[in-house]
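Chains as they are written, first to last, in this note's numbering: chain A, 81 to 379; chain B, 81 to 379; chain C, 81 to 379; chain D, 81 to 379.
Report on the structure given below.
Number of protein chains: 4
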Amino acid sequence: MIIAGRVDVDDLPRICPLLSRRTNPRYGESQTRVVEVGRVRFGGERPVVIAGPCAVENREQTLEIARAVKGSGADMLRGGAYKPRTSPHDFQGLGLEGLKILREASQETGLPVVTEVMDVRLVDQVAEYVDMLQVGSRNMQNYPLLVEVGRCGKPVLLKRGMAASLCEWLGAAEYIAKEGNLEIVLCERGIKAYPSGEYSRYSLDLSVIPAVRAETFLPVIVDPSHATGVAAMVESASRAALEFGSHGLIIEVASDRLDAVKPKCDAAQAITPRTLRKIIHFVETRQEYLAERLHVASA
Amino acid sequence: MIIAGRVDVDDLPRICPLLSRRTNPRYGESQTRVVEVGRVRFGGERPVVIAGPCAVENREQTLEIARAVKGSGADMLRGGAYKPRTSPHDFQGLGLEGLKILREASQETGLPVVTEVMDVRLVDQVAEYVDMLQVGSRNMQNYPLLVEVGRCGKPVLLKRGMAASLCEWLGAAEYIAKEGNLEIVLCERGIKAYPSGEYSRYSLDLSVIPAVRAETFLPVIVDPSHATGVAAMVESASRAALEFGSHGLIIEVASDRLDAVKPKCDAAQAITPRTLRKIIHFVETRQEYLAERLHVASA
Amino acid sequence: MIIAGRVDVDDLPRICPLLSRRTNPRYGESQTRVVEVGRVRFGGERPVVIAGPCAVENREQTLEIARAVKGSGADMLRGGAYKPRTSPHDFQGLGLEGLKILREASQETGLPVVTEVMDVRLVDQVAEYVDMLQVGSRNMQNYPLLVEVGRCGKPVLLKRGMAASLCEWLGAAEYIAKEGNLEIVLCERGIKAYPSGEYSRYSLDLSVIPAVRAETFLPVIVDPSHATGVAAMVESASRAALEFGSHGLIIEVASDRLDAVKPKCDAAQAITPRTLRKIIHFVETRQEYLAERLHVASA
Amino acid sequence: MIIAGRVDVDDLPRICPLLSRRTNPRYGESQTRVVEVGRVRFGGERPVVIAGPCAVENREQTLEIARAVKGSGADMLRGGAYKPRTSPHDFQGLGLEGLKILREASQETGLPVVTEVMDVRLVDQVAEYVDMLQVGSRNMQNYPLLVEVGRCGKPVLLKRGMAASLCEWLGAAEYIAKEGNLEIVLCERGIKAYPSGEYSRYSLDLSVIPAVRAETFLPVIVDPSHATGVAAMVESASRAALEFGSHGLIIEVASDRLDAVKPKCDAAQAITPRTLRKIIHFVETRQEYLAERLHVASA
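Structural data, given as structure tokens:
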């Protein structure tokens, strides 16, 4: 039986000749192309930590969390102005107003900001306000959107679709690259598998990280918040992701003030600023220490 | 542990109040809302058969297949003018030229035509040339596109995402319905599961059909071509889909002329007009015969 | 990257040389080997219907259902004496007493009986009382058990493991065949996939049927009861299975007496004798009618 | 729709009352019960590392690897004497001879040894030669085997079935516990999901670890070798597993001698003794250093 549409990693040179190490030897067998967003360097020496609220709900909430994110030592701010929601009757984000709040939070804290763009007609609008455009899981194969963010030239955070194969994911990235934009960071965020919903939201698929790194030179980070959907798992998932070779993390944070309003979306997966500090402390400690000790030891 | 974003079918009244039978009692517990596309009636007495090429490749190929589809007794024509492909380097469809060819094929055969629209900016253009708009699997959660096809008012064929839960699928349909457009036909087309690629392209999930019919009044059809990816399975998959309660089929057909050029995409799943005739003969026979005999017997 | 243990259908000649059509040409490209259990012929002209209770709970319940099964026109009786249960604290079956009840029900109705054997030490005991041994999903790769049922020589119903690939399934059957026992009937019973539990118990994977039939000459049947877990889906799932090429069905039935005790296991998936009659009527009608009409038409 | 057999973690008190923290409060909300195998303590202060060949192929190979494992600082030896293989025509292990070799290797190195038992009739034989019995993935729901290893009283390593839910896994462990044997160590080893085979053998599901630890007091370890199937991923998977809360690792090792014979099974996933040393160095360093520094910092 011949099955239509069947591809495997040996087809990557045909699917994504610009991004496959096999056809684009510029970065050799293991070097990562550094993607810069302001002073932040994805794929550089140190893992990047992006943090912020799931959605921008109002100015106060966003600024409070942005300050906490900055105070924790994170590198970048995240926050949704346009939110893809399962139901059209759920909160859809503040839109343009949300973008303005994000810019204010970015300016006050000095942190570059990334936000999701869902609508191909709004790429330019969103790009005006933020430093990096996110293409979310649900739109990983929204090819007109990929083309437009490719043309826009801004750095792109391309989340993996929740049922995407490695080939489909790198094929999606190739749509951006084909427009001349190689400023792409990939992001694993959990896949659908039979246990989804029993004890975690999705199945965090960390094994894809070394596979991505073997096949392309693009940096790859992990979203432990959406992958697990459980705040209590985010810290250990973050540490595991880094040990598995992730170039960074994108994490949802909520206020820990006792009188804070509960987030409108995905409250159960948001960690507190205190837990964020622990994660960043791990990143720093691991850098300082392991860089010296482990590498010496294994030499 | 509380898991963020976890929903089940009991949440459908909140996710899709317009489409859930639990909140919209107009169609009772089992009645289907008929969606009309010209004289074609989805959810009516007789299952609808849509057939045509995967992609519109040129005028001759399309007209030849359209005539064969008409001659086989099918109800509607399908064909892709804009093709979502895993790689940007693959054939992306003829675009506007393809739409014009589809219209010509529709006019000549008298068959209404459905085609995929991927770009929210092209909804009006595509709607001008065809009778029904398809939103494909990869765009099932492209919410701006759903809103726009909802506003456009044309009947919509909404394919299930390849990892979509029932809740996510009906939530996507609700985006269309919320714009005032209830002319929605759902389409199961195979999901990603561990056997995908071993003996079929996706896993055809026929059990979702009675679940859809229990939860909403929208008609639901099946795409056996993409689900199996194997031409030799399409006939039996089609018959099984109808027995499982499907309101119709959408099938890919290729020329059986010995000198025909191989289709540019998904050639291995296209059946010949001869096999299409057998499927339609099954539909007709089953209607005439089973309607009388089986229903009498079970009365 | 080379992945350990990776196989695909092209490895079947090595995995199961006795059962693969590619290495054992005795049954050509499409002929099925008939497996006889008494007068019942799996893989013969007419699909086989096996029905009965999930578990043998007591003499009265089993005889009542056995009579109803016989009265419905089914070919064989099923019933569990040894039950594999998720919890050791759940009802585990009546064991030897259950086997005796099954034999009595078989003798009274004249229906051959199949029951599951889980314990390699009990193969001979179970074989003494029944006509066909079932190896359940949970034991599909319990190789000592497969060897022992192979040696025993009785016909075997080998259910597919809930995550088994086609290669693993046929490899398991080869363990039985290697002991000289080719009296094997395969049974698809639903696989684990991401939707499992949302609207059906498992994902009924009908596409595997033509794949099995293409690769081996063993007959293959379907268990719509466990696959869907929803009584209301069993009739349509049964019809669909037959259209997809299944050589038969194995179905769970419960009493429809108003004062009947609810079954101790899997009550929600058991159909009534009335629904069983409808399914068997479909089998018969389809045989008589379609055999003439459809085959003539497609000639 | 009511679905038969549907359970979730809230059913654990009913499924496994002996092992659920909710019904057995002896270990509180987070304490782990220590399982001792000789001087090795699963669930104690320090993660346990088990290593050894996939299969015992001969005395020389096993002793050579055992010495390397000992020299690397690992805590326990593994090795298969009875091997569950997809095909009955593949090497099935040396059986009793393999057990004797394992015992010799254990005595020479002083390392306790774990090996798989597949046949309920051989539990006593296997238990005579080794310190811990492994029940493999394929037999996770072989309930007679679970009962017998429970009665035997030896410590048990219970691997997760490749499609097992958390509830099914803990239900399987309860079969052992019900016989009075609480010396159980759980082992995650990868699950079947749609990417299986594309870039890794199974999908390593590390998120299950905190879920296991939240629901039961049994220790849980990870098998990065089978989960990934790729030797080059084992080191990073091991580190990730420990950061995600795993109480240990079980790893396949092959000789790195240039003239060594390639292992008969799963060669592509076996690491060299040199890589094993790096993993154990990580374990030790992490213990010494992180224990002080990170915990102080987060206090």
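Beta carbons are placed, not taken as given, at the ideal position from N, Cα and C, and that holds for glycine.
This one's a predicted model, so the numbers in the text were calculated from it and none came from an experiment.
Using a CB distance cut-off of 7 angstroms, residue 273 (chain A) counts as an interface residue toward chain C. Check the Cα spacing between residue 258 (chain D) and each of D:102, D:87, D:83 and D:97: the tightest is with D:97. Boundaries of the alpha helix (DSSP H) around residue 292 (chain B): 288 to 295. Closest option to residue 242 (chain D), judged by alpha-carbon separation, among C:235, C:272, C:237 and C:251: C:272. DSSP, reduced to helix, strand and coil, places residue 239 (chain C) within a strand of the structure shown. Three or more Cβ pairs closer than 8 angstroms define a contact, and the segment 134 to 153 of chain D falls short of that threshold against the segment 107 to 117 of chain D.
At least one CB of chain D lies nearer than 7 angstroms to the CB of residue 313 (chain A).
Sequence-distant partners of residue 267 (chain B) (beyond 5 residues in either direction) whose C-beta falls short of 6 angstroms from its own C-beta, in its chain, are 237, 239, 301 and 303. The bridge partners DSSP lists for residue 135 (chain B) are B:160. The bridge partners DSSP lists for residue 267 (chain A) are A:239 and A:301. The beta carbon of residue 230 (chain B) lies closer than 6 angstroms to those of 256, 259 and 261 in the same chain, with the five residues before and after it left out.
With three or more CB-CB distances shorter than 8 angstroms, the segment 117 to 134 of chain C counts as touching the segment 324 to 336 of chain C. 243, 245 and 246: these are the residues of the segment 225 to 251 of chain B whose beta carbon lies less than 7 angstroms from some beta carbon of chain C, given in chain order. Per DSSP, the continuous beta strand (DSSP E) segment holding residue 332 (chain D) begins and ends at 328 to 332. Here the C-alpha atom of residue 293 (chain C) lies approximately 30 angstroms from the C-alpha atom of residue 270 (chain D).
Sixteen is the threshold: since fewer than 16 other Cβ atoms of the shown chains lie within 10 Å of the Cβ of residue 188 (chain D), the residue is exposed. Between the segment 353 to 364 of chain B and the segment 215 to 223 of chain C, the count of C-beta pairs closer than 8 angstroms stays below three; the two stretches do not touch. Secondary structure of residue 81 (chain D) (DSSP, three-state): coil. With a beta-carbon spacing of about 7 angstroms, residue 253 (chain A) and residue 298 (chain A) fall inside the 8 angstroms limit used to define contacts. Counting other Cβ atoms within 10 Å of its Cβ, residue 82 (chain C) stays below 16 and is therefore classed as exposed. It is roughly 57 angstroms from the alpha-carbon of residue 343 (chain B) to the alpha-carbon of residue 209 (chain C).
With contacts defined as CB atoms closer than 7 angstroms, residue 333 (chain C) and residue 95 (chain C) fail to qualify as a contacting pair.
Taking the C-beta atoms as reference points, residue 315 (chain D) is found nearer than 7 angstroms to residue 355 (chain D). Each residue's CA atom was taken as its position, placing residue 140 (chain B) and residue 182 (chain B) some 11 angstroms apart. Going by DSSP, residue 324 (chain D) is part of no alpha helix (DSSP H) at all; its letter is neither H nor E. In chain order, 171, 172 and 345 place their CB closer than 8 angstroms to the CB of residue 165 (chain D), counting only its own chain and leaving out the 5 sequence neighbours on each side.
Fully contained in the segment 189 to 222 of chain D are the following beta strand (DSSP E) runs of length 3 or more, in chain order: 193 to 196 and 212 to 215. Buried is the label assigned to residue 278 (chain A), since at least 16 other Cβ atoms lie within 10 Å of its Cβ. In this structure residue 115 (chain D) is in contact with residue 263 (chain D), their Cβ atoms being roughly 5 angstroms apart against a cut-off of 8 angstroms. Assigned with DSSP and collapsed to three states, residue 171 (chain A) falls in coil, not helix or strand. The residue from A:117, A:305, A:193 and A:337 with its alpha-carbon nearest to that of residue 281 (chain A) is A:305.
If you draw a straight line from the Cα of residue 104 (chain D) to the Cα of residue 184 (chain D), it is about 40 angstroms long. DSSP places residue 113 (chain B) in the coil class of the three-state scheme, outside both helix and strand. Between residue 191 (chain D) and residue 157 (chain D), the CB-CB gap stays under 7 angstroms. For residue 283 (chain D), the neighbours in chain A by C-beta distance under 8 angstroms run, in chain order, 271, 273, 283, 285 and 287. Here residue 127 (chain C) is buried. Its C-beta has 16 or more other C-beta atoms within 10 Å.
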